[in-house]
Ligand code: SF4
Ligand code: SF4
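Residue numbers (the working numbering), protein chains in the order written: chain A, 2 to 453; chain B, 9 to 465.
So, in structure tokens, the structure goes:
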């Protein structure tokens, strides 16, 4: 391992703190993405907005409908709109082309708002995207919002803030009359595989009105009146806490940070929300809901747990909040976590992970396939949880895999989601194919050496 | 709900909707993966590299290794020289490749980083270990498209490495074009059937279709070796398949090492494969092996058996120019009617070629270079087709218009098989033909009223 990387890998029992939150070493096969990617994943699920990528074709093509963010109506977001910057614009600037593109798109598709994403290229040629957007806003009477998502600004995390800044421009432009006292916004859920529908149904059963969901199955008009809600529920805190903070400062809306993933976390999320409204009837309804929903999934989980008890998992995810929930959820299934890594975790996140994990759990920041593959093999892991780039590495090693990123097809939020997670883990861990993989056929393939 | 394309044509000058192309670096990366022990390196921000790797992974369902210069805001102002130097040290220390293939991105191109100078500097400072090499290609995406990147990278390998020792060998060079690993393996089989020694560059077979071994190997066993690329300069002839993907490298070999070259279409379909086979036969001066004659015969046999299902069927085809040219000819030869033919790539020659192919059978066909799938969808709304042949991105149109889609090209994100079973050659043609026939027959079954639902077809 490179010296420069050593400080970014520890075990949970280590006294020393991890070094994180720094740019990847140039030349590494990092799994990290860029600012643009972060902005795109956050804003993309708004189904009735126009999403125009101002840049060369690649940036647009690779983000065309790759995320399973479901929409219940409009599907405009599932198209790929792109200014397709060519050499001519690199030399003479792309502002005119951008203005023309908006003119060619908005009248046809009649979106409720438009987001214009800046990319590295349009950043470096110095296009004034903001000015073009201002002009288009005036011309078409819909908000045309620039997203400062030039990739070189940093990792996905920076992109989340840029997306939040864009959303902030939309909020407070709609009429809030009629919003009751028991009202919330959901922040940081993207309705992957329909998760927000599950969460919404819980909140509604508790007696809450969901004003805006940001951004899963999100709608421009809802977001415009989000400042009328009485509480912000922030899930996947990494991506949207900055928006919640802004809304607290500006509109006095308090927020709670929760996770809807895992039985424990989901129950405490709902209780925390109910407690906030200090309404006895609501608290009672919440208790009933948690009881009922937990009871519905426990028998199945117990059955699946029998096969999973003692199995070993590893995970590598984007943000740390996902990692917390996963570690807890895996424990609920009787599994141990041999490795937990994140692309963009912060210092205090890793401290928290240390508390959650076993002393010998490897914690890694900004890892790469080479070191991960070595750990997976050394710890004889049965399950790897990660994203698109990690999946084939796991399979090559003969290890089960679950996608916990954009490409998953199964909703994991809520109590039903935990059962679905258990089923998915069970299915992949117990797949007969692993018995046929060469590594597993070798005698004595198990070993537990290989701490970093 | 997914159908958001209006049927009447709209004037567009400034935008692509639902692109039918991707960007240069992903092509450079694909080409570089076809060199043994090579680590592709993306000189730019890390987002590009992450996207290219992810997209290749989605298509091949394989781990894709590539490093990045990880540009920051500072590099975008001061240039990426320091990043690339650091990257080169990191890569050799950490990943120990035989060769690094650097490609640029839109960002580093616009900043104007001079890659050869930076590589030269590393060389002088002893940052490149003994026996290891670095090559590079310029791949700005605001020029060309993914096939251009592939072409530039292959040319880059040749430029840096191919050398003539003055002794001509018996071998020929084969530049396979942008085809699947399975196709590359098939092309080698054809050449081998003639007992013709050949060097193929690149060769992604046994790299991007690597077997499960229970281990993750950073550099799978396949790929053209550096020594082979060097020896390309001594070859007696170069066959370049597909003008867009392969011609540049072949020309470079001619210029640099005086290896004569010949550009052929991708051998997809009967006629194009015939031309490929006769080109090889001419080089060896031998007859076509019986084995290949038999394979040809089987393809002809199947097409004649089923021609009643194919005749007059309207088809829409899009994808990379080299592939679409060959596919269009193949469909024409099977008596189908390619009425909409489009590429996302650029080159006026594309439109001319297709026009020539369809001159007699479909003189009114819609033909376009630099098109996109919005355009294709509009055409299909204006004139319905029986079948679509193209990438996964066509599935939106396929669903909206209820038209069967045979997946072909780059990328295929939602099916497997393309990287394991060839489409080139006669056997590949057989696979393609059966896919097409099955799609048509399945549709006929689905739509047939009870009385016309047939058991034997
Ligand atoms: S910036 Fe250029 S190289 Fe990078 S993804 Fe976009 S189009 Fe491709
Ligand atoms: S060019 Fe920039 S914005 Fe586009 S993918 Fe690359 S890093 Fe991201």
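Even glycine gets a Cβ: it sits at the ideal position worked out from N, Cα and C.
All values derive from a computational prediction rather than experimental measurement.
Interface flag, residue i vs chain B, CB-CB below 8 angstroms
i	result
residue 397 of chain A	yes
residue 450 of chain A	In this prediction, residue 450 of chain A has a pLDDT of 36, which is less than 50 and means its spatial position is unreliable; what the coordinates show is noted afterwards. No, residue 450 of chain A does not count as interfacial toward chain B.
residue 38 of chain A	yes
residue 239 of chain A	no
residue 125 of chain A	yes
residue 402 of chain A	no
residue 161 of chain A	no
DSSP state of residue i mapped onto helix, strand, coil
i	result
residue 125 of chain B	helix
residue 245 of chain A	helix
residue 51 of chain A	strand
residue 36 of chain A	helix
residue 76 of chain B	strand
residue 21 of chain A	coil
residue 421 of chain B	coil
residue 117 of chain B	helix
residue 451 of chain A	At residue 451 of chain A, the pLDDT of 36 sits below 50, so the modelled position is not reliable; the number obtained from the coordinates is stated separately. Residue 451 of chain A falls in the coil class under three-state DSSP.
Any chain A beta carbon closer than 8 angstroms to residue i
i	result
residue 151 of chain B	yes
residue 144 of chain B	no
residue 205 of chain B	no
residue 427 of chain B	no
residue 189 of chain B	no
residue 275 of chain B	no
residue 99 of chain B	yes
residue 115 of chain B	yes
residue 464 of chain B	no
residue 95 of chain B	yes
residue 431 of chain B	no
residue 286 of chain B	no
Classification of residue i by the beta-carbon crowding that lies within 10 angstroms, buried from 16 upward
i	result
residue 312 of chain A	buried
residue 262 of chain A	buried
residue 95 of chain B	buried
residue 447 of chain A	Bear in mind that the predicted position of residue 447 of chain A carries a pLDDT of just 47, short of 50, making it too unreliable to give a figure here.
residue 232 of chain B	buried
residue 312 of chain B	exposed
residue 310 of chain A	exposed
residue 428 of chain B	exposed
residue 132 of chain B	exposed
residue 174 of chain B	exposed
residue 92 of chain A	exposed
residue 459 of chain B	exposed
residue 449 of chain A	In this predicted model, residue 449 of chain A has a pLDDT of only 35, less than 50, meaning its place in the structure is not dependable enough to derive any value.
residue 118 of chain B	buried
Cross-chain neighbours of residue i in chain A, by beta carbon under 8 angstroms
i	result
residue 103 of chain B	30, 371
residue 399 of chain B	Within 8 angstroms Cβ-Cβ: nothing; residue 399 of chain B doesn't reach chain A, min ~11 angstroms.
residue 18 of chain B	105, 109
residue 298 of chain B	By Cβ distance, chain A contributes nothing, its closest Cβ being about 38 angstroms from residue 298 of chain B, past 8 angstroms.
Closer than 7 angstroms at the beta carbon, the chain A residues around residue i
i	result
residue 226 of chain B	371
residue 79 of chain B	153
residue 141 of chain B	Per Cβ cutoff of 7 angstroms: no residues; residue 141 of chain B is ~16 angstroms from chain A at best.
residue 70 of chain B	393
residue 222 of chain B	398, 399, 438, 439, 440, 441
Neighbour list for residue i in chain B, Cβ cutoff strictly below 9 angstroms
i	result
residue 71 of chain A	The contacting residues do not exist; residue 71 of chain A stays about 11 angstroms from chain B at best.
residue 110 of chain A	12
Contact list for residue i against chain B, beta-carbon separation under 7 angstroms
i	result
residue 85 of chain A	23, 24
8 angstroms Cβ cut-off: residues of chain B touching residue i
i	result
residue 389 of chain A	62, 65, 66
residue 288 of chain A	Going along chain B, no residue has its Cβ under 8 angstroms from residue 288 of chain A, so there is no contact; the nearest lies around 39 angstroms.
residue 101 of chain A	21, 22, 23
Cross-chain neighbours of residue i in chain A, by beta carbon under 9 angstroms
i	result
residue 91 of chain B	27, 28
Given 8 angstroms as the limit, is there contact between the stretch 354-369 of chain A and the stretch 331-345 of chain A, that is, 3 or more CB pairs closer than that? Yes, the stretch 354-369 of chain A touches the stretch 331-345 of chain A.
Any contact between the stretch 233-245 of chain A and the stretch 53-70 of chain A? By contact I mean 3 or more CB pairs, one from each, below 8 angstroms. A contact is defined here as three or more CB-CB pairs under 8 angstroms, and the stretch 233-245 of chain A fails this definition with respect to the stretch 53-70 of chain A.
Contact between the stretch 35-53 of chain B and the stretch 70-90 of chain B is defined here as three or more beta-carbon pairs at a separation below 8 angstroms; is this criterion met? Under the Cβ criterion (8 angstroms, minimum of three pairs), the stretch 35-53 of chain B counts as touching the stretch 70-90 of chain B.
Assess, as a yes-or-no matter, whether the stretch 218-231 of chain B is touched by the stretch 50-68 of chain B under the definition of 3 or more beta carbon pairs within less than 8 angstroms. With the rule of 3 Cβ pairs closer than 8 angstroms, the stretch 50-68 of chain B does not count as touching the stretch 218-231 of chain B.
Count Cβ pairs between the stretch 27-37 of chain B and the stretch 378-398 of chain B that sit closer than 8 angstroms; are there 3 or more? Taking 8 angstroms as the limit for Cβ pairs, the verdict is that the stretch 378-398 of chain B does touch the stretch 27-37 of chain B.
Does the contact criterion of 3 or more C-beta pairs under 8 angstroms hold for the stretch 91-110 of chain B versus the stretch 94-112 of chain A? Result no; under three Cβ-Cβ pairs closer than 8 angstroms.
Is it true that the stretch 46-56 of chain B meets the stretch 178-198 of chain B, where meeting means three or more beta-carbon pairs spaced less than 8 angstroms apart? No: fewer than three Cβ pairs fall under 8 angstroms.
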